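Numbering (my numbering), first residue to last: 8 to 613.
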């Protein structure tokens, strides 16, 4: 009894185990066909071949497909650790061969791959210290560029390296001293333009390491004095006996009105062989003028109110008239549609009656045929039983003789339905238009016929315009200092300053306030007319200076084909000081770049 059962159960268990194994194999096969499985398999194979870069790329593709795969993360970390070990070995060989830059590059890469690579970190520290020692040796040998390159390479990896930072400071100080020494030599040989650029470069390298800034200011002042445009202002000849106005034409006022950025010097004595002009002034006369001009003004005031037609009611009446005319047009269309509908209804009634008469005729004919058929059946003999007589042919009743009348009836019925819809639409539109007419009619009746409007009037009153004018006549002569024998013609110019104010009485009834005259003091106007004359003279001096420096700018531009040459630099620096208010970029940038200045504006002491 029990033996067959045991044999059956024993045979069932082995049959399930192959099925489970088959399912697992199928699952593995499916997963191996995916992008994730292919990437993992490729990474494992490349890892076995020590192709670290390709293996890393394969594992990264696998992580892109499944970022949560911890197994691939572990494999990727192991690949990078092995790769870092290989790079470290290569760095050891480079360090042993004395290739410190190559070893540093490889060690940085090894630490990028594996930040826990302690031997690589230790060897990197040794390499950086060795490069610092090499840089310090180059600094002692006065090879400043090589020393700075080594220090910068160390700081690019370890920005907090103390010895490298001190080395950079030492290199900057050495450069500053070298440029300062060069500037002193240039200054001693009289090349002040080149010396100024060298002093500025020394101050740029290391501020405070030398006295370059103070020496640059001194050399800059010498150059400004050398290229200065002199204005010799002689004492003003006061022919008008007006010392207050003559004082505004002095040399000090002229200097205050000229730009401070450019070297324009106002002096009282003429030096020899200097570029500039001599200004001779004579105050011919100062004349105050007073004038009173009467005229009239008008003041509008409220005189009362008056009744005028209500403009809003007129507007509503126009709208009402328009809507009423529209209603008339709508009702006219409605009447036309209704007449057409009634006419079509009459035709429909006629056609319906004709169709009914035709149906009665067909019915009567069919009844007669049925009657004849019955009589014919009764007359059949015994031998003719089962036959259908000709009088019983159903075609006589089936044939319709009223097809035309039926079609005409359907056509007229459809037209009547369409006209009915048009009539209903016209009635609805007419009702809406009647409501619009009633709404506009209500608006009209709510508005009054007239409204009150303010009535204004103009009151004319007398006004006086008081004007005070101070006129000064100045004669000026501008002579060139380099050719004093060529005396130009004197220029006599009138300058006037005026101030005016109005006055009138007050009229309380009409709202006119009293306005007394308030003119400025004559002394203020005399001072202002003197400043106006001096501003015009300063503009004429500036024109002479602009013509002088424009010639120098053109000479400097011709030498810009070689901006680093000493003679070109001398000419260009002097021109730049002459144009400090607006230096030409085509001269400033090439010259400063040739001397390595990072800030061109430092040439002007800014």
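Positions of the beta carbon are idealized from the N, C-alpha and C atoms, including for glycine.
Keep in mind the model is a prediction, meaning the values are calculated, not measured.
Query                                                                                                                                                                                 : Result
Between 473, 440, 128 and 359, which has its C-alpha nearest residue 522's C-alpha?                                                                                                   : 473
Where does residue 3 sit, in a helix, a strand or coil, going by DSSP?                                                                                                                : Lying outside 8 to 613, the shown extent of the chain, residue 3 is not represented and no answer is given.
Based on Cα-Cα distance, which residue from 382, 89, 41 and 73 lies nearest to residue 63?                                                                                            : 89
The ligand MN and residue 501: does any heavy atom of the ligand fall closer than 8 angstroms to the residue's C-beta?                                                                : Looking at this structure, you won't find the ligand MN or any other ligand, since it has none at all.
Flag this pair as yes or no: are the beta carbons of residue 302 and residue 271 separated by less than 9 angstroms?                                                                  : no
What three-state label does DSSP hand residue 99 in the structure shown?                                                                                                              : helix
Closest by CA to residue 502, which one among 537, 137 and 468?                                                                                                                       : 537
Going by Cα to Cα distance, which pick from 488, 603 and 520 is closest to residue 277?                                                                                               : 488
Out of curiosity, what's the CA-to-CA distance linking residue 198 and residue 148?                                                                                                   : 29 angstroms
Tell me whether residue 6 sits in a helix, a strand or coil according to DSSP, three-state version.                                                                                   : Nothing can be reported for residue 6, as the shown portion of the chain is limited to 8 through 613.
Could you give the first and the last residue of the continuous alpha helix (DSSP H) run that contains residue 363?                                                                   : 318 to 385
Helix, strand or coil for residue 272 per DSSP?                                                                                                                                       : strand
Could you say which of 582, 598 and 216 lies nearest to residue 232 if we only look at CA atoms?                                                                                      : 582
Examine the Cβ distances between the segment 97 to 111 and the segment 119 to 138 and report whether three or more of them are shorter than 8 angstroms.                              : yes
Measure the CB-CB distance between residue 597 and residue 570 and report whether it falls below 9 angstroms.                                                                         : yes
Extract the residue ranges of the alpha helix (DSSP H) inside the segment 249 to 297, only unbroken runs of 4 or more that lie entirely within it.                                    : 250 to 254 and 258 to 264
Using a Cβ distance threshold of 8 angstroms, determine whether the segment 87 to 101 contacts the segment 67 to 74, with at least three qualifying pairs required.                   : no
In angstroms with no decimal places, state the Cα-to-Cα distance between residue 336 and residue 456.                                                                                 : 29 angstroms
Whole-angstrom Cβ separation of residue 275 and residue 240, contact assumed at under 8 angstroms?                                                                                    : 6 angstroms
Report the partner residues of residue 236 according to the DSSP bridge assignment.                                                                                                   : 271
Could you please give me the residues that DSSP links to residue 541 through a beta bridge?                                                                                           : In the DSSP output, where bridge partners are listed per residue, residue 541 has none listed.
Tell me, to the nearest whole angstrom, how far the beta carbon of residue 186 is from that of residue 151; I am working on the premise that it is less than 8 angstroms.             : That belief does not hold up - the Cβ atoms of residue 186 and residue 151 are roughly 11 angstroms apart, past 8 angstroms.
Does DSSP put residue 172 in a helix, in a strand, or in coil?                                                                                                                        : helix
Enumerate in chain order the residues of its own chain whose CB-to-CB distance from residue 497 is below 6 angstroms, with the five nearest sequence positions on each side excluded. : 482 and 484
For residue 204, count neighbouring Cβ atoms within 10 angstroms of its own Cβ and tell me buried if that reaches 16, exposed if not.                                                 : buried
Please state whether DSSP places residue 598 in a helix, a strand or coil.                                                                                                            : helix
Quick one, are the C-beta atoms of residue 155 and residue 180 less than 9 angstroms apart?                                                                                           : no
What residue from 479, 511 and 104 has the CA that sits closest to residue 247's CA?                                                                                                  : 479
When the Cα of residue 376 is compared with those of 402, 386 and 356, which residue comes out closest?                                                                               : 402
Using CA atoms only, rank isn't needed, just tell me which of 184, 127 and 545 is closest to residue 208.                                                                             : 184
So, helix, strand or coil for residue 76, using DSSP?                                                                                                                                 : coil
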